[in-house]
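One rule links them: number in our numbering = place in the sequence shown (from 1) + 79.
Single-structure report; data block below.
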Amino acid sequence: MRSKADHTAAIHEHRRAALVVNTRSRRGRRHYAEVLRLIEAANFQLTGVHPITDPSRLRDIVERALSGNPDLLIAGGGDGTLSSTIRHVAGRDVALGALPLGTTNNFARSLGLPLDLPGAVRVLTEGKVADIDLGLCGDRPFANLASFGVSVEVAGTVRPWLKRIMGRSAYPLTAMRILPGHQPFRAYITADGRRHELLTHQLNIANGRFHGGWQIARDAGIDNRTLVAYQLGSGKRLRLIGETLVRATTGRWRSLAGGPFVTGSEILVETDPPMAADIDGEVRLRTPLVIKTIPNGVRVMVPRDFVDR
């Protein structure tokens with residue numbers, strides 16, 4: 080593979096790219112024409128334009144886009160789209176350029192990208208190529224978060240119209256509706272040879288810095304070879320309701336050293352009873368699961384001031 084400096088220079092000079100946009104995402108359909116206009120104005124030489132109208136065909140469409148050997152794969156969509164796309168870019172001599180068109184845009188936030196389209200496109204033309212960590216849950220790569228508990232039900236029940244109206248607040252609001260009937264579960268987390276036991280309604284394992292559009296902790300990162308495991312609330316519904324309200328209104332700004340976190344490059348998650356995992360918005364696999372990081376597993380375009388470790 081090329082050096083990151085050479086890769087950056089090739090993108091700046093030749094602007095050879097393929098474009099994939101999920102027109103089923105929250106803002107994808109509404110902004111598709113604007114995306115095309117901005118990419119054309121930035122003088123990208125597109126090897127192909129690939130709108131996604133059927134998410135089940137995303138894998139085939141991304142592979143077709145990559146067959147043109149672009150230096151940059153520009154992908155527009157939410158966290159689920161970008162996480163699915165990143166699996167096909169990982170380990171290849173191509174960089175992912177993310178256009179945030181989702182509800183919470185956790186992945187874009189973790190990269191420090193502007194959330195407006197002109198700003199995000201400007202990163203593609205003026206930014207740099209960096210290699211960031213890739214999460215691996217079982218055999219499934221992911222960009223941002225694997226979670227267990229309430230979030231699995233939320234992912235399956237949150238209403239598209241609520242996401243359109245409320246944006247990222249749609250998720251905690253849906254969780255508030257589900258919580259009264261949700262049963263807590265016991266989780267066992269093993270990291271760095273130490274086993275932790277907890278009773279909770281919600282367990283998260285983060286590769287990125289953001290969850291639900293809020294920063295997990297000020298020293299969490301997507302390029303530090305470290306996963307962060309944390310629970311929301313506890314086994315008590317009232318405490319989780321309070322935590323959910325806080326995250327819905329103010330977010331959190333905590334340090335990993337002072338908060339209720341377990342960190343490690345590889346984490347074993349066991350639950351009683353066995354539970355499904357929500358992997359960047361897709362409900363796949365069941366516990367027990369080994370979750371780990373692949374250091375520098377994928378190349379992305381980031382702002383010039385992004386700290387590339």
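Even for Gly, the Cβ is constructed at its ideal location relative to N, Cα and C.
Fair warning: this is a prediction, and the values are worked out from it, not measured in the lab.
Inset, instruction - Determine the contact status of A96 and V377, defining contact as a CB-CB distance below 7 angstroms. - result: no
Inset, instruction - Label G337 either buried or exposed according to how many other C-beta atoms from any shown protein chain fall within 10 Å of its C-beta, with 16 as the threshold for buried. - result: Summary for G337: the model assigns pLDDT 48, below 50, so the residue's position carries little reliability; its value from the coordinates is reported in the next sentence. Exposed, by the Cβ-count rule.
Legend entry - Beta-carbon proximity of P343 to A285, cut-off 7 angstroms: The sequence shown places Gly at residue 343, rather than the Pro named in the question. In this structure, A285 does not lie closer than 7 angstroms to G343 by Cβ.
Legend entry - Span of the beta strand (DSSP E) around G214: 207-216
Legend entry - Contact between the region 86-94 and the region 122-132 (3+ Cβ pairs under 8 angstroms): yes
Legend entry - Which of helix, strand or coil DSSP assigns to F227: strand
Legend entry - Whole-angstrom distance between P130 and R81, CA atom to CA atom: Approximately 29 angstroms between the Cα atoms of the pair.
Inset, instruction - Quick one: using the 10 Å Cβ neighbour count with 16 as the cut-off for buried, is D195 buried or exposed? - result: By the 10 Å Cβ count, D195 comes out exposed.
Inset, instruction - Return the bridge partner residues of T350 from the DSSP annotation. - result: Secondary-structure assignment with DSSP links T350 through a beta bridge to A266.
Legend entry - the region 178-185 touching the region 146-160, judged by at least three CB pairs closer than 8 angstroms: yes
Inset, instruction - Please name the residue or residues paired with G155 in a DSSP beta bridge. - result: V100, L178
Legend entry - Rounded separation between C216 and I370 - CA only: Straight-line Cα distance between these residues: approximately 4 angstroms.
Legend entry - As assigned by DSSP and simplified to three states, the class of N375: strand
Legend entry - Delimiting residues of the beta strand (DSSP E) encompassing I295: Taken as a continuous stretch (DSSP letters only), I295 belongs to no beta strand (DSSP E), as it is neither H nor E.
Legend entry - Neighbour-count burial assignment, V386, 16 or more Cβ in a 10 Å radius: exposed
Inset, instruction - Report yes if the C-beta distance between R363 and R219 is below 7 angstroms; otherwise report no. - result: yes
Inset, instruction - Give the secondary structure of F186 by DSSP, where H, G and I count as helix, E and B as strand, and everything else as coil. - result: helix
Inset, instruction - Taking only the alpha-carbon atoms, compute the straight-line gap between D302 and R109 and give it to the nearest angstrom. - result: 32 angstroms
Legend entry - Which listed residue (E205, L145, A84, G228) has its alpha carbon closest to that of Q262: Comparing Cα positions, the closest option is G228.
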